[in-house]
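Shown next, in structure tokens, is the structure this report addresses.
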Amino acid sequence: MGSQGLLGQYNIDSMKQRYAAFYSIAHLKVSDDNRWVSFSKIYKKNTDTIIVATANKQQSVKAVLAGVSESYFLKDNHFFWLGNGEAQIINLRNGDKKDFKEVSKIEILSALGYYAVWYKSRFLEVFDSKNKLVASVSDVTQLVSNKRDKLYVIVNRSNLSSVWSLQSKEFNQVYTSQQGIKKIMLVPSRKYLAVTEQEKSADGLQLVLLDTNSLKVSRIGNGFIKSDYIEVREINNGGAFFLVFNTRPEPATASQPEIKYGTDPDLWLYRMGEQNHEYWVYDVKSEQSQNVNNNQMFMAAMDHDRYFLSFDRKERNAYISSVSWFDIYLYDRFVKTSKKILTQTSNLVVSRGGGFIIGFNEEKKRWILYHTLSSKETIIENAEIQRPVFSDDNRYVFFESENGIYRFNVLTKNLEQLPLTANKKVAILNVKEDVIYGTLGADFRIRSINARKPIIIEQYDQNNNETSYVQWFEDKIKVLLPATKNRVSDFKINLLSQAVFSLEENFNSPQTIYQYHNGHKKEVYQSNRHDHEITTARQEVLSYKNSLGVQIKGVLYYPLNFDARKQYPLVLSIYEVQNKSASVYSYPYFSGIGINIRSLIDNGYFVFLPDVVLDSRGPGFSALDCVHSGLDALKGYANIDSDRVGLMGHSFGGFGTSFIATHSHRFTAYISGAAVTDLVKFYFSFSQERNLPNYPRFENGQFDMKVPFSKNKMLYYDNSPIVNAEKVNKPILLWTGLKDGNVPYTHTEELYTGLLRNQKKAVVLYYKNQDHDLTKNSAESIDLHLRILEWWNYFLKDKKDIPWIDKEMKKDAL
């Protein structure tokens, strides 16, 4: 990947070494007693280092562990981890350690103070908090636990499969199968263990329910049913069970020619593959099983032992959405009939117990509430509300929105805004959620909150770029984390002690773990403490209007070590709305999209991120207007050299860059990566990743054209960069991955061909074996990173004599 001239300006080894020292923090965990925290250090070449630190002291590291894949806090200040076939338990107080070799899996039983080690030899041991052996069992092929007090294992011996349970301080056999046991699963209520049996001489599967208290055995269905796997859904806290026996047929021999149809309603099959489903319901009280297949329609459990959701996967809307819109039926298993209850529904939420269903109608753009027993429906007349969640007493439906929490009273049909959350984008955090169907683009869930406990809410003030966390209960708000301009990427709360831990960062401050308690904020651990330069970073968030009067923002980063007596070049990077990223800590790395703010400000550039908002003019002209408006807002900045300005973008930002390059005279050079260049061509193409047409991305997706091509052809033509390739008036660097399944490389090649035909100054980089984003820290991403720096240095800093650029820019270089 090396190129002549790259070594001239930069010491690559030194750059790699510097970049490798930076890391991010993720996967924050807090011990139950709030004494300890653990987190992952994510380096670009290493993502499995775990740090354990003291919570009440700053930067007090107790353990640094490499190669960790799984970890837990235990009672009595113990930490238990697994990685690379080794496990270890550490006493964080005195440093004592116990090591385990050749380990496959670990488990914990927190209520008992036990931990379990399953070895690759299939031997399982259970220890207490003092590391004394409690129990053991051999020939284990699977284990499951509830993480608290129950542990079950499959034991295969002498051609017999059996289930064993840890009871008191020994393992006891609780179930034996004359066939084979394929899988065991503890259901959410923990009342039953679901045991999947497999016939020894055939492909049939059968489900057995084992009562975890009485050890009573119940077999579901009509004996063994031929299937590949069984999905088990618990209904009404263990009152019933819904089973789906799934079979994937052998693929048919490809025919010649392959035939497709213009009204084909089954294109989803090309994406998902054909599957057959057989549905059964088991009622625990009556001990009866019932087949509930409904005319080959898909079915899903909704936490009700009588009613079930039913829908047809066939497409009825010409695939104009990236997800399917379904007509939803309610199937009554008692009378074996179904009725249509919701239409054109993409998103659906069910109350706990199945008494209410709420679905979003894509035609009306409204939520519709349906009462299961009365069959009454209510249209909720608010276009802004989203992500509904039911109170578990079914009295209210709460909605998130860009303007606070809304509460809908199911009895009075009144929708009210909770005033203390107004003017903020909100998210409810303590939701109990179960996915009941999530394929074919559907999103069907049971979502509930405990009506007797506070609601934990994340609030984002978009005007001031501030985040806060509060709890709401009985119409009162209690602040948990005060409003901060820091980006909060993780939030943990101990509901008993009310202790809060957060992971925060800002443009001039690396990620830091804080503890909030009784109004006090205390730093626990800060990442990248070697990065002293970033504390001097300077940034402004500008607010201005585009030509249509729409209020937008742009984020301006100053060069590090800024000198007010000097002028500096400016690089704009575009991609939709970016102002919320103003609080993101920027550190140098070899980006997979070619854009890294830190490397640019390190090298003496202003960087500006103007928001791009779309309107009826189309995405190209909207981007052009927003970018020019942003440049106008910068006119008063004397330290920006307006004669040395570059524009760059990747993907949608690459599209905007390519379009602007054909219409603007305000830039010195451009960089466009993985960009769509021909809207008409892309509109009439199939996504390689989704196996579905791309036109939804234009009509109601990212490009937001709002009309099909057939209704406004000129809108598509006029917003296509390729149409005006001859108008590119400044040098442009194009790049693409030859295995890009999102935006095929042919779009980059098409623009390059247009530039070639019109003899425009351009360079194109083709990266073999790379996708839409280049692999981070790969040879290709390093190459792109260096070429981008050299491109800007060449055109914005007049650092010439770079052979790979000179070859295009200087005629005599050939």
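When we follow the working numbering, the leftmost residue of the sequence shown carries the number 168, and every step to the right adds one. All C-beta atoms, glycine included, are put in the ideal place defined by N, C-alpha and C. Remember, predicted model here, so these are calculated numbers, not experimental data.
If we ignore side chains and look at the alpha-carbon of each, how far apart do residue i and residue j end up?
i      : j      : result
Leu587 : Gly522 : 30 Å
Asn716 : Leu585 : Per the sequence presented here, residue 716 reads as Gly, with Asn not at that position. Cα to Cα, the separation comes out at about 30 Å.
Arg500 : Trp447 : 10 Å
Lys531 : Phe876 : 23 Å
Lys928 : Ile899 : 7 Å
Asn561 : Gly388 : 32 Å
Leu801 : Leu767 : 18 Å
Asp370 : Lys297 : 46 Å
Asn713 : Leu776 : 15 Å
Val930 : Leu923 : 10 Å
Leu360 : Met466 : 23 Å
Gly280 : Asp200 : 14 Å
Phe409 : Phe557 : 22 Å
Leu859 : Pro970 : 43 Å
Met168 : Asn763 : For Met168, the predicted model reports a pLDDT of 39, less than 50, meaning its position is unreliable; a value from the coordinates is still stated below. Cα to Cα, Met168 sits roughly 20 Å from Asn763.
Asn178 : Asp769 : 15 Å
Phe565 : Ile572 : 7 Å
Pro726 : Ala193 : 28 Å
Phe962 : Lys733 : 18 Å
Tyr449 : Ile535 : 30 Å
Arg400 : Met469 : 9 Å
Ser344 : Leu327 : 7 Å
Ile495 : Gly526 : 9 Å
Arg357 : Tyr884 : 59 Å
Val301 : Asn630 : 58 Å
Leu918 : Arg833 : 21 Å
Lys580 : Ile546 : 9 Å
Over what stretch of residues does the beta strand (DSSP E) that includes residue i continue unbroken?
i      : result
Met466 : 465-468
Trp248 : 245-250
His952 : Looking at the DSSP string, His952 is not in any beta strand (DSSP E); the run it does join, the alpha helix (DSSP H), is 946-963.
Met352 : 347-353
Lys507 : 504-517
Indicate the three-state DSSP secondary structure (helix, strand or coil) for residue i in the structure shown.
i      : result
Trp639 : strand
Phe658 : strand
Val399 : strand
Ala841 : coil
Glu269 : coil
Tyr883 : helix
Met168 : Only weak support is given to the placement of Met168: the predicted model assigns it a pLDDT of 39, under 50, and the value that follows is read from those uncertain coordinates. In the structure shown, Met168 sits in coil (DSSP, three-state: anything other than H, G, I, E or B).
Thr615 : First, the residue type needs correcting, since residue 615 is Ser and not Thr in the sequence shown. Looking at Ser615 - three-state DSSP - the assignment turns out to be strand.
Thr702 : helix
Ser877 : helix
Ser181 : helix
Leu173 : At Leu173, the pLDDT of 43 sits below 50, so the modelled position is not reliable; the number obtained from the coordinates is stated separately. Helix at Leu173.
Kindly identify the DSSP beta-bridge partner or partners of residue i.
i      : result
Gln340 : Trp331
Pro860 : Phe853
Asp263 : Partner(s): none; Asp263 has no beta bridge.
Phe668 : Lys659, Gln682
Pro777 : Gly721
Ile426 : None; Ile426 has no bridge partner.
Phe729 : None, per the DSSP bridge assignment.
Lys208 : Ile192, Thr216
Lys689 : Gln682
Arg386 : Val375
Asp628 : Glu633
Glu567 : Gln553
Trp447 : Leu410, Asn458
Ala361 : Met352, Leu376
Val931 : Leu901
Would you verify that the beta carbon of residue i is, or is not, closer than 8 Å to some beta carbon of chain B?
i      : result
Ile764 : Judged by its chain identifiers, the structure shown contains no chain B, having just a single protein chain.
If contacts are defined as beta-carbon pairs under 8 Å, then residue i and residue j qualify, I think. What distance do you get, rounded to the angstrom?
i      : j      : result
Val984 : Tyr342 : Shown here, the chain extends from 168 to 981; a query on residue 984 therefore has no answer.
Ser664 : Tyr681 : So it is not a contact: roughly 16 Å between Cβ atoms.
Tyr756 : Phe206 : That pair is no contact at about 19 Å.
Leu956 : Ser948 : Not confirmed; about 13 Å, so no contact.
Pro424 : Glu441 : At roughly 20 Å, the Cβ-Cβ gap does not stay under 8 Å, so Pro424 and Glu441 are not in contact.
Could you spell out where the alpha helix (DSSP H) holding residue i opens and where it closes?
i      : result
Phe822 : 819-828
Ala800 : 786-800
Tyr919 : 913-924
Asp601 : Counting along the chain, Asp601 falls outside any alpha helix (DSSP H), though it belongs to the beta strand (DSSP E) covering 599-604.
Trp971 : 970-976
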